[in-house]
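This note's numbering numbers the first residue of the first sequence as 30 and each following residue consecutively. For every residue, glycine included, the Cβ atom is placed at its ideal position computed from N, Cα and C. In what follows, a structure is listed as structure tokens, so that the remarks can point back to it.
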Amino acid sequence: MIVRFGYVAMSVTVQNASPSKTMTLSSFNKIGDREAAIRKLERIAAENLHNTLRLLRHNRASDIQVYRFSSKLIPLATHQDLRDWDPFQALAADFAEVGNYVRANKMRVSFHPDHFTVLSTPRPEVLQSSINDLKYHKAMLEAMGLGAEAKNNIHIGGAYGDKVTSGQRFVEQVSALDLSLRERLTLENDDKTFNAVETLEACKLTGLPMVLDIHHQWVNNEGEKPWELWPDILDTWKGELAQAGSSVDHPLPPKIHASSPKSEKDPRGHADGVLVEPLLTFLRNIAGYTDRIDVMLEAKLKDEALFGLMNELRLQEANGVKVLDGASVEIMP
DNA sequence: ACCTGTCAAGTCTGG
DNA sequence: CCAGACTTGACAGGT
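Now the structure itself:
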């Protein structure tokens, strides 16, 4: 089984390369000339895209093919006060440059719209802003020229005191989405509310591929071992929605998230690095089912955590681990 | 250069 | 019913 590792949004080794620079609403409003304020937003967005490209070049130099973009590439993009603003015209070339680089280097990229995207919500206005947020993420991927193999990963959302009903509402509200939004979704188990078993069920009902977060599963489970769910999780990656647009990398490998508990006191928090042993145990247990998997590392030290994990994996070369390059390994079943 | 409070958005908990 | 926590990088305003 070939395992590729990636990291999220920002690098701790490339300096001054934030892809998430922003502007607060109050400073936007303090600029008297609205046109000038909007041009400033667009300049910040262009800078974020430029830094994203720098990170992608760093990734290529480090053999890293899996990366999650910052959702904050365009400041205030979905804010109500800026409904009349279409930033994509001004940023077309910047987005295209990022997308061209991704395609030229066969990278697997994604977004993770944050916790304001809640498709289980009973409130129509929250549903609408969630859909708007998904449209914004889709628009960015389209501006990059990337097909539906580039996904937006989300959680189910809140339980509102009745998890069963909320789960059903999630399934209904996802099913009612335009295909162009739905085919770009993946669904991840969370660490408090919808556990891996429940998320898998929602994936079966919606056709969405499941991103298993093995840290969330560790702190929120029904007593199952994570690899016991793997055959069913793998099936969610064989559906039409999972494979939509996957012309670049066909079939699209399944993806998981890995991180380690920050401390005993804060087991849900993310540690600086990623412990090799629990991850390796999981990977060995699924190696017989899957020939490729991508692992998104969610660690405080970002790419540094990836390099640290690769060092640990190099020490396991006598134990059925073969390091292939700077960011991928082969695990013998 | 460095520190502290704040930030657009949602949900849950505790008072 | 409302304030604060959650979580987190970066801004904004201060020293």
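{"Asked": "Residues sharing a beta bridge with residue 216, DSSP", "Found": "183, 239"}
{"Asked": "Where the alpha helix (DSSP H) containing residue 34 begins and where it ends", "Found": "Where residue 34 is concerned, there is no enclosing alpha helix (DSSP H), although the beta strand (DSSP E) it sits in stretches over 31 to 37."}
{"Asked": "Best match in 80, 319, 120 for proximity to residue 50 [C-alpha to C-alpha]", "Found": "80"}
{"Asked": "Own chain partners of residue 275 with C-beta closer than 7 Å, once the 5 adjacent residues on each side are dropped", "Found": "178, 281"}
{"Asked": "Residues near residue 54 in its chain [Cβ-Cβ closer than 8 Å; skip 5 each side]", "Found": "105, 108, 110"}
{"Asked": "Cβ neighbour criterion (16 or more within 10 Å) applied to residue 153", "Found": "exposed"}
{"Asked": "Spatial neighbours of residue 354 in its chain, beta-carbon cut-off 7 Å, leaving aside the 5 residues before and after", "Found": "92"}
{"Asked": "Candidates 197, 171, 118, 144, of which the one nearest residue 368 by Cα", "Found": "Only positions 30 to 362 of the chain appear in this structure, which leaves residue 368 out of reach."}
{"Asked": "Three-state secondary structure (DSSP) of residue 117", "Found": "helix"}
{"Asked": "Length of the line joining the Cα atoms of residue 57 and residue 103", "Found": "13 Å"}
{"Asked": "Runs of alpha helix (DSSP H) lying entirely within the region 220 to 288, each at least 4 residues, in chain order", "Found": "225 to 235, 243 to 248, 259 to 265, 269 to 272"}
{"Asked": "Buried versus exposed, by CB contacts within 10 Å (16 or more), residue 251", "Found": "exposed"}
{"Asked": "Residue 144, buried or exposed, once every other Cβ within 10 Å from all chains shown has been counted against 16", "Found": "exposed"}
{"Asked": "Chain-order list of residues whose beta-carbon lies under 6 Å from that of residue 308 (same chain, five-residue window excluded)", "Found": "287"}
{"Asked": "Cβ-Cβ separation, residue 149 to residue 186 (assumed contact under 8 Å), whole Å", "Found": "4 Å"}
{"Asked": "Delimiting residues of the beta strand (DSSP E) encompassing residue 351", "Found": "350 to 354"}
{"Asked": "Near the ligand GTP: residue 90 beta-carbon under 6 Å from a heavy atom", "Found": "The ligand GTP is absent from the structure shown, which contains no ligand whatsoever."}
{"Asked": "Test item: CB-CB of residue 318 and residue 263 under 7 Å", "Found": "yes"}
{"Asked": "Other residues of its chain near residue 226: CB distance less than 6 Å, five sequence neighbours each side excluded", "Found": "251"}
{"Asked": "Counterpart residues of residue 375 in DSSP-defined beta bridges", "Found": "This structure cannot settle anything about residue 375, because the visible part of the chain is limited to 30 through 362."}
{"Asked": "Whether residue 298 touches residue 328 by CB criterion (7 Å)", "Found": "no"}
{"Asked": "Counterpart residues of residue 321 in DSSP-defined beta bridges", "Found": "31"}
{"Asked": "Spatial neighbours of residue 163 in its chain, beta-carbon cut-off 7 Å, leaving aside the 5 residues before and after", "Found": "142, 146, 181, 210"}
{"Asked": "Terminal residues of the alpha helix (DSSP H) in which residue 195 lies", "Found": "192 to 204"}
{"Asked": "Contact under 7 Å by Cβ, residue 2 with residue 73", "Found": "Because the chain is modelled from 30 through 362, residue 2 falls outside the range shown and cannot be assessed."}
{"Asked": "Length of the line joining the Cα atoms of residue 331 and residue 270", "Found": "29 Å"}
{"Asked": "Between the CA atoms of residue 136 and residue 1 - distance to the nearest angstrom", "Found": "The structure shown does not extend to residue 1, since the chain is modelled only from 30 to 362, so the question has no answer here."}
{"Asked": "Beta-bridge pairing of residue 290 - partner residues as DSSP gives them", "Found": "299"}
{"Asked": "Closest Cα partner of residue 214 within the set 266, 221, 113, 254", "Found": "266"}
{"Asked": "Sequence-distant residues of the same chain with beta carbon closer than 6 Å to residue 119, five excluded per side", "Found": "71"}
{"Asked": "Assumed close pair residue 85, residue 37 - CB separation to whole angstroms, cut-off 8 Å", "Found": "With a Cβ gap of about 14 Å, residue 85 and residue 37 do not count as contacting."}
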